[in-house]
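Report on the following structure.
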Amino acid sequence: MIIELLTIIAPVVICAIIGYVWCRKGLSFDVEQVTTLVTYIGTPCLVFATLTTVEIERSAFTQMALGTAASIIGFGVFGAIILRIFSLHLPTYLPPVVWANMGNMGLPLCLFAFGQEGLALAITYFAVDVVMLFTIGVAVSAGTFSLSRLLKLPFIYAVAAALVFMLTDLEVPRWIANTTDLLGGFTIPLMLIMLGVSLASLKIASMKRAAAISVLRLGLGFVVGWTVTNIF
């Protein structure tokens, strides 16, 4: 059991530690440039390559998408109620309660725990999560909604392109499949290294409040997750 857990968790932790140590040693790491590389090239290629190669029933993707939307709504409703009880500013604290780190941590953990099928379903969750973040999340935190922000994300078009091949049963040209698979391969390692870099440079103004919000998010995760899995 312990060996199995190490097999899943160790690669994630080691990659994050590399980023952490790299930053603490004062070595150069252009976070903005790497983020741009992952956002505009790596993630779209990973999404397209995974969704077009994995063999999963289409109903599983639909079920995951609906479950994701229900989960986020659940986090939002219960999170808002609890934050209101403690008189905390919703635009500031509700987004981190509702939207966790699904990319850097979630994708690799699902990959190592459940294989390519798990990664495909995790990407489905990630896609719905990001869409709701850039619509509802932005509206909550900024008080305004801008569809243009969402449409600027390349992974949206990667999902759309993958859906075309999935729904029509067309075969992806081999050169496209090989290219997207190759470029998508650097996404998860770079995400985890960036996570370590972020942790190394993180400054928390109020540790008690940050810890309380984290505990709230974890608690809601168990409650909402259990409820949604039993419904869907």
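Under this note's numbering, the residue at position 126 of the sequence shown is numbered 1266, and the numbers go up by one with no gaps.
Beta carbons are placed, not taken as given, at the ideal position from N, Cα and C, and that holds for glycine.
As the structure is a computational prediction, the values presented were derived from the model and not from experiment.
Mind checking if residue i is an interface residue toward chain B, Cβ cutoff 8 Å exclusive?
| i | result |
| --- | --- |
| residue 1165 | The structure shown has no chain B; it contains just one protein chain. |
Given residue i, which residues of its chain have a CB within under 8 Å of its CB, disregarding the five upstream and five downstream residues?
| i | result |
| --- | --- |
| residue 1274 | 1289, 1290 and 1293 |
| residue 1380 | Residue 1380 cannot be examined here, being either before or after the span of the chain that is shown, 1141 to 1372. |
| residue 1368 | 1207, 1210, 1211 and 1214 |
| residue 1221 | none |
| residue 1218 | 1360, 1363 and 1364 |
Tell me whether residue i is buried or exposed, calling it buried when 16 or more other Cβ atoms sit within 10 Å of its Cβ.
| i | result |
| --- | --- |
| residue 1390 | This structure leaves residue 1390 out entirely; the chain is present only between 1141 and 1372. |
| residue 1363 | exposed |
| residue 1297 | exposed |
| residue 1244 | buried |
| residue 1283 | exposed |
| residue 1145 | exposed |
| residue 1262 | buried |
| residue 1176 | exposed |
| residue 1242 | buried |
| residue 1351 | exposed |
| residue 1150 | exposed |
Are the CB atoms of residue i and residue j nearer to each other than 8 Å?
| i | j | result |
| --- | --- | --- |
| residue 1196 | residue 1260 | yes |
| residue 1159 | residue 1334 | yes |
| residue 1280 | residue 1235 | yes |
| residue 1295 | residue 1148 | no |
| residue 1249 | residue 1171 | no |
| residue 1187 | residue 1299 | yes |
| residue 1353 | residue 1178 | no |
| residue 1169 | residue 1337 | yes |
| residue 1341 | residue 1163 | yes |
| residue 1372 | residue 1203 | yes |
| residue 1247 | residue 1233 | no |
Mind checking which residues open and close the alpha helix (DSSP H) that includes residue i?
| i | result |
| --- | --- |
| residue 1144 | 1142 to 1164 |
| residue 1333 | 1327 to 1340 |
| residue 1317 | 1314 to 1324 |
| residue 1234 | 1230 to 1238 |
| residue 1207 | 1198 to 1225 |
| residue 1370 | 1347 to 1371 |
| residue 1169 | Segment: none, residue 1169 is in no alpha helix (DSSP H) and carries neither H nor E. |
| residue 1281 | 1278 to 1282 |
| residue 1275 | Per DSSP, residue 1275 belongs to no alpha helix (DSSP H) and is neither H nor E. |
| residue 1180 | It is not in any alpha helix (DSSP H) - residue 1180 carries neither H nor E in the DSSP assignment. |
| residue 1306 | 1294 to 1308 |
| residue 1288 | 1287 to 1291 |
For residue i, collect the residues of the same chain with a Cβ closer than 6 Å to its Cβ; drop the 5 residues on either side in sequence, then sort them by chain order.
| i | result |
| --- | --- |
| residue 1201 | 1264 |
| residue 1155 | 1329, 1332 and 1333 |
| residue 1229 | none |
| residue 1339 | 1160 |
| residue 1343 | none |
| residue 1320 | 1185, 1188 and 1189 |
| residue 1216 | 1238 |
| residue 1302 | 1188, 1191 and 1192 |
Excluding the 5 residues flanking residue i on each side, which residues of the same chain have their C-beta closer than 7 Å to its C-beta?
| i | result |
| --- | --- |
| residue 1349 | none |
| residue 1205 | 1264 and 1268 |
Next on the checklist: Whether or not the region 1205 to 1220 and the region 1261 to 1273 are in contact is what I'm after, with contact meaning three or more pairs of Cβ atoms, one per stretch, closer than 8 Å; do they touch?
Outcome noted: yes
Checklist entry - Is the number of C-beta pairs between the region 1345 to 1361 and the region 1172 to 1189 that are closer than 8 Å three or more? => result no
Item to check | Cβ contact (3+ pairs, closer than 8 Å) linking the region 1250 to 1264 and the region 1304 to 1315 | outcome: no
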